[in-house]
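Sequence lines, in order, name chains A, B, C, D, E and F.
Using this note's numbering, you'd call the opening residue of the first sequence number 15 and step up by one each time.
Using this note's numbering, you'd call the opening residue of the second sequence number 15 and step up by one each time.
Using this note's numbering, you'd call the opening residue of the third sequence number 15 and step up by one each time.
Using this note's numbering, you'd call the opening residue of the fourth sequence number 15 and step up by one each time.
Using this note's numbering, you'd call the opening residue of the fifth sequence number 15 and step up by one each time.
Using this note's numbering, you'd call the opening residue of the sixth sequence number 15 and step up by one each time.
Backbone N, C-alpha and C fix where the C-beta goes; we use that ideal spot for every residue, glycine too.
All remarks here apply to the structure that follows.
Protein chains: 6
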Amino acid sequence: MPPLAEHTTTTAADALEDAEVAVIPTGSTEQHGPALALGMDHMAAEAFARTASDRDDAVVLPTVPVGVSEHHRQFDGTLYVTEETFERYVGETISSLAEHGVRKAVVVNGHGGNSSALRRAARTLREDRTAFAPPWNWWDSVEDLADDLFDEEGGHADAMESSLLWHLREDLVDPDALEAAEAGASEAWGETVHGAALGFDTIDFSESGAVGRPTQADPEKGAQVFDAARDHLHALLDWLAERPLEDCWAREHK
Amino acid sequence: MPPLAEHTTTTAADALEDAEVAVIPTGSTEQHGPALALGMDHMAAEAFARTASDRDDAVVLPTVPVGVSEHHRQFDGTLYVTEETFERYVGETISSLAEHGVRKAVVVNGHGGNSSALRRAARTLREDRTAFAPPWNWWDSVEDLADDLFDEEGGHADAMESSLLWHLREDLVDPDALEAAEAGASEAWGETVHGAALGFDTIDFSESGAVGRPTQADPEKGAQVFDAARDHLHALLDWLAERPLEDCWAREHK
Amino acid sequence: MPPLAEHTTTTAADALEDAEVAVIPTGSTEQHGPALALGMDHMAAEAFARTASDRDDAVVLPTVPVGVSEHHRQFDGTLYVTEETFERYVGETISSLAEHGVRKAVVVNGHGGNSSALRRAARTLREDRTAFAPPWNWWDSVEDLADDLFDEEGGHADAMESSLLWHLREDLVDPDALEAAEAGASEAWGETVHGAALGFDTIDFSESGAVGRPTQADPEKGAQVFDAARDHLHALLDWLAERPLEDCWAREHK
Amino acid sequence: MPPLAEHTTTTAADALEDAEVAVIPTGSTEQHGPALALGMDHMAAEAFARTASDRDDAVVLPTVPVGVSEHHRQFDGTLYVTEETFERYVGETISSLAEHGVRKAVVVNGHGGNSSALRRAARTLREDRTAFAPPWNWWDSVEDLADDLFDEEGGHADAMESSLLWHLREDLVDPDALEAAEAGASEAWGETVHGAALGFDTIDFSESGAVGRPTQADPEKGAQVFDAARDHLHALLDWLAERPLEDCWAREHK
Amino acid sequence: MPPLAEHTTTTAADALEDAEVAVIPTGSTEQHGPALALGMDHMAAEAFARTASDRDDAVVLPTVPVGVSEHHRQFDGTLYVTEETFERYVGETISSLAEHGVRKAVVVNGHGGNSSALRRAARTLREDRTAFAPPWNWWDSVEDLADDLFDEEGGHADAMESSLLWHLREDLVDPDALEAAEAGASEAWGETVHGAALGFDTIDFSESGAVGRPTQADPEKGAQVFDAARDHLHALLDWLAERPLEDCWAREHK
Amino acid sequence: MPPLAEHTTTTAADALEDAEVAVIPTGSTEQHGPALALGMDHMAAEAFARTASDRDDAVVLPTVPVGVSEHHRQFDGTLYVTEETFERYVGETISSLAEHGVRKAVVVNGHGGNSSALRRAARTLREDRTAFAPPWNWWDSVEDLADDLFDEEGGHADAMESSLLWHLREDLVDPDALEAAEAGASEAWGETVHGAALGFDTIDFSESGAVGRPTQADPEKGAQVFDAARDHLHALLDWLAERPLEDCWAREHK
């Protein structure tokens with residue numbers, strides 16, 4: 015069915031009656047090094063979410079474009095809101111949808127920094143029996159494939175992300191800058207000193223803003239990543255569409 | 015210049031250096047009666063905002079798609095967040111942009127229900143000398159033209175809004191439903207009893223969700239409205255780009 | 015019946031049993047230009063509210079004297095609280111009254127800056143089915159009369175307000191200062207630039223703090239305004255006293 | 015000087031220039047047993063505060079009429095707000111006054127339940143070097159006199175309060191009900207079990223709502239109480255007017 | 015039964031089934047003058063609480079070691095959180111315990127500054143019918159004995175506290191410093207000017223940080239104080255264990 | 015030096031002058047399956063923290079015993095506070111310490127659920143230039159050793175935790191219950207469905223509350239784990255004590 019925003023209230027009534035699950039894309043607008051567009055994360059989320067428009071049992075909500083990116087703020091163009099604001103924005107949106115009867119959802123998330131806020135939002139909605147809305151980070155579903163395709167630990171603006179964007183929006187990747195991205199990149203996310211995770215800001219450990227080996231980027235591999243993750247998303251939507259709402263709620267005291 | 019989300023952090027550095035003003039589109043996803051798409055308000059805001067991409071002195075931020083629409087919640091498809099959450103989401107986004115040096119902005123707003131939250135956000139940003147970011151409601155700039163073009167008081171999903179969307183996204187208007195929209199519409203916004211504004215929810219005074227006379231909608235008139243409002247927006251951007259930041263701040267005690 | 019504060023708990027028990035509606039006066043203590051007393055808004059609200067003491071079906075609460083007046087803060091004597099604090103103060107007061115069984119109320123408001131906070135408070139009380147308590151701004155009920163009596167757009171410390179206070183508290187108007195008030199006044203509220211409402215603070219657009227044509231003030235006209243608005247208030251109280259509480263609550267999903 | 019609300023902004027400019035201290039009356043509207051009016055506490059505060067209008071160095075603010083009275087809520091007519099809301103309402107009001115240059119104040123308080131919120135507000139204002147605004151509870155200044163005049167421990171709607179109101183507003187005391195008040199009264203405030211202060215609500219330990227021996231009430235004694243407390247208040251105002259602002263702020267780390 | 019933290023979840027299931035009441039020790043880590051350890055208040059609370067481990071009907075929770083001590087912050091070593099944070103920390107802990115069925119508790123408190131936060135927490139838990147958890151300040155239960163044993167008004171790091179700690183942890187009292195403590199002490203808590211309680215910080219009225227006459231300290235007397243207060247605590251626990259939960263809740267409107 | 019709570023304010027003055035870093039132990043009181051005590055996490059944190067008492071450059075604060083454990087709430091004995099409350103409690107405590115001049119700290123954390131709150135607290139303190147206080151999770155420092163010692167993925171009440179507690183407090187491990195713990199345990203933390211992390215509560219994926227293979231527990235291995243992690247902690251303290259405070263703050267915009 016078309017995205018929710020393209021329905022009238024009349025056609026939405028039917029669509030929401032038919033929908034078993036909702037899909038909410040969330041991302042960020044933040045530095046992704048010298049080679050990738052700032053919108054990488056919300057664009058990826060939107061691209062995955064849009065594939066659900068082919069389904070009769072899923073309704074796609076508008077994309078939430080700014081997220082929890084304070085740790086990238088020293089790099090030009092990064093926008094951010096606080097964790098609490100982001101959690102509220104997404105949680106209340108889902109809660110308002112639930113009033114129309116769709117109470118299962120997948121938050122298709124493109125930005126790791128959003129994860130703990132999304133987990134909290136989902137937890138609260140579940141506690142209150144308002145909705146069951148777990149986040150799904152696209153990269154979590156393709157870890158094995160990523161290991162096959164790329165020789166990197168990565169974590170941000172890496173070969174995998176670069177490949178994906180190259181596949182989705184060729185015009186938003188600057189291949190000539192991948193070298194610079196990698197030259198200034200750290201191998202892995204963060205900075206650990208004797209077991210303590212420091213690295214509060216990306217700039218603490220990455221000169222270019224990237225983490226990983228972006229020069230390995232390849233649009234073909236991006237297509238493989240996209241297809242694989244998309245298939246996982248649809249498997250998840252199938253599973254959730256089938257799952258009785260009652261089974262989604264938090265369990266009682268043992 | 016391209017929208018912010020399409021820049022890399024490298025090109026953003028230059029773009030933000032050049033930009034005098036930012037443009038942030040905000041709207042809603044809410045019922046607009048049986049004939050218009052739920053995304054009307056954020057789509058209109060986005061359409062106006064995108065015209066600023068032609069300018070060298072303005073940078074366009076991503077669209078905030080869900081707003082303060084609780085009063086439409088009884089109609090299918092309406093999404094909403096609280097005023098406080100919306101105020102925070104927009105205010106913090108602007109504040110994060112200001113860290114990169116762009117401290118004047120216009121919030122291009124497509125939804126009346128967002129106005130008081132946007133005013134508060136702008137007031138706070140101005141008090142703190144973080145940014146000067148007044149909201150601009152597209153309809154406020156074309157009141158005289160609207161009086162010429164349409165015989166209605168209107169206020170929501172009316173002839174003016176219907177015309178505009180028809181112009182922008184013909185596929186998202188259902189002309190056959192305009193009659194039903196008008197049949198169930200109220201003449202004017204709200205419900206007043208002996209001077210007290212009741213009408214807390216749209217459903218209190220409108221059966222179809224519309225307010226005004228949507229059957230007068232006409233895409234040609236929509237084009238006229240769009241062009242006129244767009245010209246006002248650009249005049250505002252010209253004015254703000256020229257205005258020294260110092261003149262924007264709140265004045266001292268008399 | 016006497017105002018609530020003059021009852022003992024014993025006589026209050028009976029009075030609250032008899033009361034169908036409560037009346038809560040709210041205003042501000044803020045600059046009203048060089049000719050009018052700072053207490054204008056709460057004094058007007060109190061004057062209207064007190065007329066309800068003649069009714070057997072209405073109980074009058076104490077006056078809330080400080081409101082949402084931050085935008086007047088550059089003028090001497092202005093007091094203010096934040097919108098959120100004001101909303102909470104009034105909303106919680108009404109909620110506490112509701113515990114004694116009086117769940118319909120009119121907030122008799124004398125200050126425009128309070129309006130959106132009062133609307134939010136009323137909306138929340140209604141959502142929770144705690145109370146139905148719409149605000150009533152005295153000036154909204156006499157717009158036509160004001161057009162007949164005064165040649166001004168006005169909006170603050172204008173001819174209408176000056177006349178009303180002159181009628182209510184002659185000692186608190188300085189007729190000799192009306193000329194200065196008008197000389198430094200703006201014609202209309204706020205400041206609009208290409209459709210954008212600027213004018214965040216009164217001082218941005220008014221030198222004297224007044225908006226309108228205060229030299230037209232006249233205590234006789236003030237009396238007319240008072241009588242007309244009072245009659246509207248009582249008509250509203252009649253209407254609300256009759257209205258079943260069930261009809262006051264928010265409607266269910268369509 | 016006249017109360018602040020009776021000044022225009024022009025005369026307020028001078029008055030605030032002259033004023034060394036402000037006086038803010040705070041109280042409550044809450045049950046005071048069968049014999050005393052609900053407004054007892056804010057009326058008393060107002061009466062004390064008004065005596066400061068005779069001074070050239072003090073400006074009197076409007077009365078805050080509803081306070082922290084949740085613990086009286088089971089008795090008819092009690093109004094209340096939360097501690098946090100009350101703290102904010104008073105604190106923000108004082109803060110707004112400070113913008114006009116008056117940064118020393120006495121909060122003349124008539125209700126014990128307000129005390130901890132007022133202490134917190136005063137502490138915060140002092141920390142921030144916004145204002146020095148200690149609360150003054152009228153009864154705390156006349157403990158010795160009370161011991162001489164009345165044979166009671168008391169604490170609420172007792173002989174001392176009844177006498178004071180009798181003196182101030184004879185029409186708001188019902189002498190015939192004093193017997194009933196005392197018959198249902200507890201001797202002392204609260205309820206202690208093995209050292210634990212229970213008595214969360216007044217109804218937990220008092221049948222009539224009174225605490226003490228109201229039958230000892232006497233308007234002559236009320237006059238003595240009033241005069242003595244008033245003299246203490248003026249001594250406090252003298253002291254505070256003289257005290258350099260610098261000496262009011264919190265001390266540095268030892 | 016052993017303290018809760020020493021149970022496994024399996025043995026806790028039985029213990030919580032048997033427990034009628036919980037005991038939560040709360041205190042502070044704050045200056046107690048030159049002679050007593052900073053941990054005085056939480057150590058005392060813990061010592062009293064541990065005596066409840068001998069009971070089969072009481073379960074002892076871990077000690078909350080930092081409290082509302084901002085007013086001691088100018089003295090080295092003082093730690094503190096805000097009242098709101100402390101109230102939440104203790105209230106939520108009790109609320110989580112209530113999920114396991116133990117809904118009556120005594121908060122064994124060693125620090126006067128915690129009292130109003132604990133009262134508020136207890137009030138809220140009671141309102142919500144989550145738990146009945148009154149605070150018990152050890153010194154409130156032994157006022158008469160203190161009058162017999164010590165010739166002081168006291169209030170902080172005084173002879174009574176010094177004696178108690180001497181009894182509990184001899185190693186944490188420096189007898190040689192008691193003289194200095196007393197030399198710089200104030201006689202009584204706070205500072206009153208014409209009935210207004212000033213003394214927002216301890217440093218405002220005490221040079222050494224102590225209030226009272228610590229040189230009277232004596233471990234034997236400390237033992238007497240401990241035994242007497244402990245007996246009161248156990249009497250309170252007996253009483254509360256017997257009290258039906260229904261009798262603990264707030265009463266309905268009169 | 016002795017723990018802070020055992021100092022007087024006089025000796026604390028010297029100690030805090032000498033101290034380069036503070037150590038704050040945080041943990042939880044929550045189910046650890048049938049074989050381990052509920053206090054596991056705060057006891058482990060406290061044990062590690064206490065080893066810092068041997069240093070002249072470190073001051074040890076009291077243990078925060080209840081943490082972010084809502085996800086264990088269905089198992090008996092689990093206590094918890096919200097993430098926000100925990101973040102505030104720890105953050106404000108550190109902030110109060112910083113007033114005495116110690117502005118570098120390590121939060122020695124024993125509970126994974128506390129991590130994101132501690133990260134946020136540390137981030138805020140760093141942003142404000144109040145303190146630099148990264149959390150250190152003991153298990154993060156010994157991952158390689160754990161892989162050598164135990165054949166498990168684990169994550170909660172597993173062989174590693176069981177071994178550690180067995181080493182620290184033999185009396186608080188029930189070896190006979192380790193089999194039951196493992197029988198009902200999950201292999202790894204959480205529950206993933208097509209890339210989406212479900213498993214909001216432990217009970218969703220573990221019958222016994224344990225995650226891992228507790229039957230491999232061995233006090234000798236616990237000793238190895240303890241020694242290795244302790245050494246890492248001290249290396250971290252050495253590093254932090256040396257690090258100039260200026261180098262700890264967030265970096266400026268690139």
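Straight-line gap, V156/F to V121/F (C-alpha atoms, nearest Å) = Here the question's residue 156/F lines up with position 142 in the sixth sequence. Here the question's residue 121/F lines up with position 107 in the sixth sequence. V121/F has its alpha-carbon roughly 17 angstroms from the corresponding atom of V156/F.
Count the other C-beta atoms from every protein chain shown that fall within 10 angstroms of the C-beta of A197/E, then say buried if there are 16 or more, exposed otherwise.
-> The sequence position of residue 197/E within the fifth sequence is 183, counting from 1. So A197/E ends up on the exposed side.
Assigned exposure category for D68/F - 16 Cβ within 10 Å defines buried = Here the question's residue 68/F lines up with position 54 in the sixth sequence. So D68/F ends up on the exposed side.
Any C-beta of chain A sitting closer than 8 angstroms to the C-beta of F164/B?
-> Your numbering for residue 164/B matches position 150 in the second sequence. No, because no Cβ of chain A sits closer than 8 angstroms to the Cβ of F164/B.
Can you check whether the CB of L52/E is closer than 8 angstroms to the CB of T43/E?
-> Along the fifth sequence, one-based indexing puts residue 43/E at 29. Along the fifth sequence, one-based indexing puts residue 52/E at 38. With respect to the 8 angstroms criterion, T43/E and L52/E are classified as neighbours on the basis of their beta carbons.
Counting only beta-carbon atoms, is V80/F nearer than 8 angstroms to chain E?
-> One-based indexing of the sixth sequence puts residue 80/F at position 66. It does: the Cβ of V80/F has a partner Cβ on chain E nearer than 8 angstroms.
Roughly how many angstroms separate the alpha carbons of N128/D and H46/D, rounded to a whole number?
-> Here residue 128/D refers to the residue found at position 114 of the fourth sequence. Here residue 46/D refers to the residue found at position 32 of the fourth sequence. Spanning the two alpha carbons is a distance of roughly 15 angstroms.
Any residues in the region 205 to 220 of chain D with a beta carbon nearer than 9 angstroms to a beta carbon of chain E? Which ones, in chain order?
-> Under the 9 angstroms Cβ criterion, the region 205 to 220 of chain D contributes T206, V207, H208, G209, A210, A211, L212, F214, D215, I217, D218.
Chain-order list of residues whose beta-carbon lies under 6 angstroms from that of P76/E (same chain, five-residue window excluded) = On the fifth sequence, position 62 is the one that residue 76/E refers to. Around P76/E: A19.
Take the Cβ of G115/B as the centre, count every other Cβ of all protein chains shown within 10 Å, and call the residue buried at 16 or more, exposed below.
-> Taking the first residue of the second sequence as position 1, residue 115/B is located at position 101. Counting every other CB atom within 10 Å of its CB across the protein chains shown gives G115/B a total below 16, marking it as exposed.
What residues in its chain sit with their C-beta under 7 angstroms from that of A59/D, if we drop five residues either side in the sequence?
-> Sequence index remark: in the fourth sequence, residue 59/D carries index 45 (1-based). Hits under 7 angstroms: P39, T40, G41, T77, V122, N123, G124.
V225/B and D158/B look like a contact to me (Cβ under 8 angstroms); what is the Cβ gap, rounded to whole Å?
-> Against the second sequence, residue 225/B aligns to sequence position 211. Against the second sequence, residue 158/B aligns to sequence position 144. Incorrect: roughly 20 angstroms between the Cβ atoms, too far for contact.
Please check if any C-beta of chain F sits within less than 8 angstroms of the C-beta of W278/A.
-> No answer is possible for residue 278/A: it lies beyond the span of chain A, which begins at 15 and ends at 268.
Validate contact between the region 198 to 215 of chain F and the region 237 to 257 of chain A using beta carbons, cut 8 angstroms, 3 pairs = The way I'd put it, the region 198 to 215 of chain F does touch the region 237 to 257 of chain A; three or more beta-carbon pairs between them come closer than 8 angstroms.
What is the DSSP secondary structure of T92/B, reduced to helix, strand or coil?
-> Here residue 92/B refers to the residue found at position 78 when the second sequence is read from its first residue. It is coil, neither helix nor strand.
Where do the ends of the beta strand (DSSP E) carrying V74/F lie?
-> Residue numbering aside, residue 74/F sits at position 60 when the sixth sequence is read from its first letter. Start and end: 72 to 74.
Should K235/E be labelled buried (16 or more other beta-carbon atoms within 10 Å of its own) or exposed?
-> Against the fifth sequence, residue 235/E aligns to sequence position 221. By the neighbour-count definition (other C-beta atoms within 10 Å, threshold 16), K235/E is a buried residue.
In chain order, what residues of the region 66 to 99 of chain E put their CB closer than 9 angstroms to some CB of chain D?
-> Residues of the region 66 to 99 of chain E with a Cβ closer than 9 angstroms to any Cβ of chain D, in chain order: E84, H85, R87, Q88, F89, D90, E97, E98.
Three-state secondary structure assigned by DSSP to S109/A | Mapped onto the first sequence, residue 109/A falls at position 95. In this structure, DSSP gives S109/A a helical state, which the three-state scheme calls helix.
Contact set between D188/A and chain B, taken where Cβ atoms lie within less than 7 angstroms = Numbered from 1 along the first sequence, position 174 holds the residue referred to as residue 188/A. Near D188/A (Cβ distances below 7 angstroms), the residues of chain B are T22.
How about R227/A: is its C-beta nearer than 8 angstroms to some C-beta of chain B?
-> The sequence position of residue 227/A within the first sequence is 213, counting from 1. Chain B, which has no Cβ nearer than 8 angstroms to the Cβ of R227/A, makes this no.
Can we count D32/A as close to the ligand MG, meaning its CB is less than 7 angstroms from some heavy atom?
-> Within the structure as shown, the ligand MG is missing, as the structure has no ligands at all.
Below-8 angstroms beta-carbon distance, S130/E vs any chain D residue | Start at 1 with the first residue of the fifth sequence, and residue 130/E comes out as number 116. Interface residue, yes.
Distance between P148/F and D261/F (C-alpha atoms, nearest Å) = One-based indexing of the sixth sequence puts residue 261/F at position 247. One-based indexing of the sixth sequence puts residue 148/F at position 134. Across the structure, D261/F and P148/F are spaced so that their CA atoms are roughly 14 angstroms apart.
Would you kindly report the start and end of the unbroken beta strand (DSSP E) that includes T40/E?
-> As a working note, residue 40/E is residue 26 in the fifth sequence. According to the DSSP assignment, T40/E belongs to the beta strand (DSSP E) that extends over 35 to 40.
Residue-level contact to chain C via CB, R137/D, 8 angstroms cutoff = Start at 1 with the first residue of the fourth sequence, and residue 137/D comes out as number 123. No, R137/D does not count as interfacial toward chain C.
Under the rule that 16 or more other beta-carbon atoms within 10 Å means buried, what is L259/F, buried or exposed?
-> Position 245 of the sixth sequence, counting from 1, holds the residue named residue 259/F. Residue burial annotation: L259/F is exposed, with fewer than 16 other C-beta atoms found within 10 angstroms of its C-beta.
From the beta carbon of H321/A, is the nearest beta carbon of chain B less than 8 angstroms away?
-> Past the boundaries of the shown model lies residue 321/A; chain A is included only from 15 to 268, so the question cannot be answered.
Partner residues on chain B for A19/A, Cβ-Cβ distance less than 8 angstroms | Here residue 19/A refers to the residue found at position 5 of the first sequence. Correct list: T43, A51, L52, G53, H56, M57, P79.
How big is the Cα-Cα spacing for T24/E and G91/F?
-> On the fifth sequence, position 10 is the one that residue 24/E refers to. On the sixth sequence, position 77 is the one that residue 91/F refers to. In this model, T24/E and G91/F are separated by some 9 angstroms (Cα to Cα).
What are the residues that DSSP puts in a beta bridge with G168/B?
-> As a first step, residue 168/B is located in the second sequence; it is residue number 154 there, counting from the start. A202/B.
Can you round the beta-carbon distance between V73/E and R102/F to whole angstroms, since I take them to be within the 8 angstroms contact cut?
-> Taking the first residue of the fifth sequence as position 1, residue 73/E is located at position 59. Taking the first residue of the sixth sequence as position 1, residue 102/F is located at position 88. Contact doesn't hold; Cβ gap of about 26 angstroms is too wide.
Tell me the DSSP bridge mates of K268/A?
-> For this step, residue 268/A is matched to residue 254 along the first sequence. Paired residues: none, contrary to the question.
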